[in-house]
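Okay, structure first, notes after.
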Amino acid sequence: MQRLRAWFLAPGYLVTVGLFAVPMLIVCAYSLLSRGPYGGVTTPWTLENYLRVFDPLYLTILWRSVWISAVSTAFCLLLGFPLALFVARAGKRRTLFLNLVMLPFWTSFLIRTYAWMFLLRDTGLINTVLQALHLTGAPLPLLFNNGAVILGLVYGYLPFMVLPLYATLEKLDPALLDAAQDLGASPWVTLWTVIVPLSKTGMMAGCLLVFIPCLGAYLTPDLLGGGKTVMIGNLVQNQFTTARDWPFGSAVSLLLLILVLGLLRLVARKEENLL
Amino acid sequence: MNRRIFLMGVAGALAGCTSGHKRRLNVLNWQNYVADNTIPDFEREFQCKVRYSTYGSAEEMLARVMAGNSGWDVVFPSNSFVGPMRDLDLLQRVDHKRLTNLGNLEQHFQSPEWDPSLDWCVPYMFSATGVIYSKKIAHPITAWADLWQNDYGRRVTMLDDPAEMFAACLKRLGESVNSSDDRLLRKARDLAIQQKPLLRAYLNEEVRDQVVAGDVLVAQMWAQVAQGALEASHDLAFCFPSEGFPQYADNTSVLRESKHQDLAWEFVNYLLRPTVTRDTVIAWRTATANRAAREILPTELGKNPVLYPPEDVLKRGEWFRAIPGDAQKRRDIYWTEIKSA
Chain A
1 MQRLRAWFLA PGYLVTVGLF AVPMLIVCAY SLLSRGPYGG VTTPWTLENY
51 LRVFDPLYLT ILWRSVWISA VSTAFCLLLG FPLALFVARA GKRRTLFLNL
101 VMLPFWTSFL IRTYAWMFLL RDTGLINTVL QALHLTGAPL PLLFNNGAVI
151 LGLVYGYLPF MVLPLYATLE KLDPALLDAA QDLGASPWVT LWTVIVPLSK
201 TGMMAGCLLV FIPCLGAYLT PDLLGGGKTV MIGNLVQNQF TTARDWPFGS
251 AVSLLLLILV LGLLRLVARK EENLL
Chain B
1 MNRRIFLMGV AGALAGCTSG HKRRLNVLNW QNYVADNTIP DFEREFQCKV
51 RYSTYGSAEE MLARVMAGNS GWDVVFPSNS FVGPMRDLDL LQRVDHKRLT
101 NLGNLEQHFQ SPEWDPSLDW CVPYMFSATG VIYSKKIAHP ITAWADLWQN
151 DYGRRVTMLD DPAEMFAACL KRLGESVNSS DDRLLRKARD LAIQQKPLLR
201 AYLNEEVRDQ VVAGDVLVAQ MWAQVAQGAL EASHDLAFCF PSEGFPQYAD
251 NTSVLRESKH QDLAWEFVNY LLRPTVTRDT VIAWRTATAN RAAREILPTE
301 LGKNPVLYPP EDVLKRGEWF RAIPGDAQKR RDIYWTEIKS A
């Protein structure tokens, strides 16, 4: 019986070790080596890649990534909570609405980001309509700024906020809401004193699921930010392409990983039942 | 040149022959560098099956073949990558006896500066970087310095590519595009940062639509990409800046690791045929190093001043070269500073 169990678990272990642990170890090793002349890595072993991250240049980029991600997460929460509540209470049409939330995943993120470029640019749909209605005289600068980056991130990761929120809100016992109402709480008071506190785990999970991929985003800042905004993801990507500095790229991505893990631990300690 | 494209995943291999015992050839090429019929015709004529895949940047290609057991036979390194790939022992020496069509190359591509006796590569396509602009602006663009004028309402873009950005700034300073001098690189960085408030964005190929639509009035652009835009709109013009401009060429090389040397050289020789290259040029508006192919092109392409700048313009061109490791690292730090400014 024991042996049978081991055999069933073996593929899982193999995948975890082979596709996760081994690549992580390679990245660790690379981050401690020196830059090869044409990419790749070479000896001597060094800590320089880690020290270099603390250059103000890279700390600024890290800080920028954190606040852009934080703002995007906040917007996702603001938009996602009412949406999740609405879906959770939609009765029979719940499945339909849930599918609509997930529908964008059927198309490539890259293509959807390009679609935003077409909407936001000077001769794009939004500016054309605004000018046709004489609401604006000249095209508004909608594309290629931090606002466009945040819009792109919110759009891209909103479903990650809605789904865990929906999961908690759906499980919410309607009897509690009835009780609140019977005891004289207005809908507003019910929302703030009953629904919001009870959906805290969902909010935490949603915020993490949005914040973490935002922190590593590089496509959105490149396309919607017009390459004028560097986030940490762009920095890493650049090290593996044009800069050909794999060790530094490895060090930055490992530090990013440590940052994310630290964040997860912090949240997990507060919310024991979250993870 | 577009480093984002690799996200989209690698294009699938082309459908080939049905038999399982045919010879095989593995070709790793830039996007947009063969016509639709190039590979199928080769498969038919040489009774083989070609696995064909593409890459979006020279760095990506190098990373894929650097290990030495990548499984690819033929690659298309840029001129500044030929030397490094030779030094890394990745390339197979060219056997001139096998290349009966080598004489079709333009005279100056028979001995280019990156490989004077064509020992490691065969020049394939080339292009240069200049500026595309709308004819509606007050004064036509003639120099890189014009891109620092605050006349275009922030409707200017530069390429999202450090080598190109430094090339424009260094040429503006009257220096070589390949400079490794730290003092000059700092000056170039300062120029770029000074220009950033005037820019709409840093964009590569994707700016073409916006130039055609009129969103962007002035854009640093590769001549080959610009040609597509010029054909789509009559309101556009292209200039090779007076201070000088960078040039680059992509070459065909056979990898040392290749287990299909015979077929690989047949393929290189096949690409040198005038008709094969002509079809690619017509399909993608590239500029070929093949004189015989150029001669049979329609006039509007073969004598096109953007794709094939006249001699007096070409004199201002400078070939990109491999940048030594230390300078490359400085350049990257300055590039990050520019992008983060």
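Here the protein sequences come in this chain order: A and B.
42 is the number that the working numbering gives to position 42 of the first sequence; each next residue is one higher, with no gaps.
221 is the number that the working numbering gives to position 221 of the second sequence; each next residue is one higher, with no gaps.
Yeah, the Cβ is synthetic: ideal placement off N, Cα and C, and Gly gets one too.
Note that the structure is a prediction, hence the values are computed from the model and not measured.
Neighbour flag for residue i against chain A, beta carbons, 7 Å
| i | result |
| --- | --- |
| Asp372 of chain B | In this structure chain B extends from 1 to 341, so residue 372 of chain B is not present and cannot be described. |
| Ser340 of chain B | yes |
| Arg64 of chain B | no |
| Ala168 of chain B | no |
| Tyr133 of chain B | no |
| Ala213 of chain B | yes |
| Tyr202 of chain B | yes |
| Glu59 of chain B | yes |
| Asp326 of chain B | no |
| Pro310 of chain B | no |
Pick from the options that is closest to residue i, judged by C-alpha positions
| i | options | result |
| --- | --- | --- |
| Arg183 of chain B | B:Tyr334, B:Leu271, B:Val27 | B:Tyr334 |
| Leu47 of chain A | A:Trp188, A:Ser31, A:Asp245 | A:Ser31 |
| Lys49 of chain B | B:Gln328, B:Arg23, B:Gly153, B:Val211 | B:Arg23 |
| Arg156 of chain A | A:Pro221, A:Arg94, A:Arg3 | The sequence as given places Gly at residue 156 of chain A; Arg does not occur at that position. It is A:Pro221. |
| Asp160 of chain B | B:Asn178, B:Trp148, B:Ala192, B:Ser179 | B:Ala192 |
| Leu254 of chain A | A:Pro23, A:Leu9, A:Gly12 | A:Pro23 |
| Glu43 of chain B | B:Tyr33, B:Gln31, B:Val27 | B:Val27 |
| Val131 of chain B | B:Ala229, B:Val276, B:Lys97, B:Arg93 | B:Ala229 |
| Leu79 of chain A | A:Leu153, A:Ala179, A:Leu177 | A:Leu153 |
| Asp178 of chain A | A:Ala10, A:Lys171, A:Thr190 | A:Thr190 |
| Leu120 of chain A | A:Leu142, A:Thr42, A:Ile68 | A:Leu142 |
| Pro123 of chain B | B:Glu337, B:Pro324, B:Arg200, B:Asn290 | B:Asn290 |
| Ser258 of chain B | B:Glu243, B:Ala67, B:Ile338 | B:Ala67 |
For residue j and residue i, the rounded distance between their alpha carbons
| i | j | result |
| --- | --- | --- |
| Trp72 of chain B | Val65 of chain B | 7 Å |
| Leu14 of chain B | Pro197 of chain A | Because the pLDDT of Leu14 of chain B is 37, which lies under 50, any placement of that residue in the model is unreliable, and the number read from its coordinates should be weighed accordingly. Approximately 56 Å, taken between the alpha carbons. |
| Val306 of chain B | Gln224 of chain B | 8 Å |
| Pro205 of chain A | Trp7 of chain A | Correcting the residue identity first, residue 205 of chain A is Ala in this sequence and not Pro. Cα to Cα, Ala205 of chain A sits roughly 33 Å from Trp7 of chain A. |
| Asn104 of chain B | Ala292 of chain B | 5 Å |
| Ile141 of chain B | Arg294 of chain B | 29 Å |
| Phe240 of chain B | Arg172 of chain B | 13 Å |
| Asp190 of chain B | Val211 of chain B | 27 Å |
| Ala188 of chain B | Lys196 of chain B | 12 Å |
| Lys329 of chain B | Asp245 of chain A | 8 Å |
| Asp122 of chain A | Trp114 of chain B | 43 Å |
| Pro187 of chain A | Pro174 of chain A | 13 Å |
| Cys17 of chain B | Phe46 of chain B | Here Cys17 of chain B scores only 41 on pLDDT, less than 50, and its place in the model is too uncertain to base an answer on. |
| Val27 of chain A | Phe240 of chain A | 12 Å |
| Met102 of chain A | Thr113 of chain A | 16 Å |
| Gly137 of chain A | Leu130 of chain A | 9 Å |
| Arg3 of chain A | Ala21 of chain A | 24 Å |
| Asn127 of chain A | Thr286 of chain B | 35 Å |
| Gly39 of chain A | Ala243 of chain A | 8 Å |
| Gly153 of chain B | Asn178 of chain B | 31 Å |
| Leu263 of chain B | Leu25 of chain B | 7 Å |
Where residue i falls: helix, strand or coil (DSSP)
| i | result |
| --- | --- |
| Ala10 of chain A | helix |
| Glu318 of chain B | strand |
| Lys49 of chain B | strand |
| Cys239 of chain B | strand |
| Phe76 of chain B | coil |
| Ala58 of chain B | helix |
| Gly147 of chain A | helix |
| Gly130 of chain B | strand |
| Gly39 of chain A | strand |
| Arg200 of chain B | strand |
| Trp30 of chain B | strand |
| Tyr124 of chain B | strand |
| Ala180 of chain A | helix |
| Asp250 of chain B | strand |
Residue-level contact to chain B via CB, residue i, 7 Å cutoff
| i | result |
| --- | --- |
| Pro23 of chain A | no |
| Thr107 of chain A | no |
| Thr46 of chain A | no |
| Val66 of chain A | no |
| Pro37 of chain A | yes |
| Tyr128 of chain A | The residue you asked about is not Tyr; residue 128 of chain A is Thr in the sequence shown. So no, Thr128 of chain A is outside the interface. |
| Thr42 of chain A | no |
| Arg121 of chain A | yes |
### Query
With a cut-off of 8 Å, do at least 3 Cβ pairs link the segment 240-255 of chain A to the segment 70-78 of chain A?
no
| task | Check whether the segment 76-96 of chain B touches the segment 249-259 of chain B, taking contact to mean three or more Cβ pairs, one atom from each stretch, closer than 8 Å. | result | Enough Cβ pairs lie closer than 8 Å, so yes.
Practice item. Evaluate the contact criterion for the segment 51-60 of chain B versus the segment 91-109 of chain B: three or more CB pairs, one atom per stretch, below 8 Å. Key: no
Can you confirm whether the segment 155-169 of chain A touches the segment 209-226 of chain A when touching is taken to mean that 3 or more C-beta pairs between the two stretches lie within less than 8 Å? yes
I'd like to know if the segment 215-233 of chain A and the segment 61-70 of chain A are in contact, where contact means that at least 3 CB-CB pairs between them fall below 8 Å. Cβ pair count under 8 Å is three or more, so yes.
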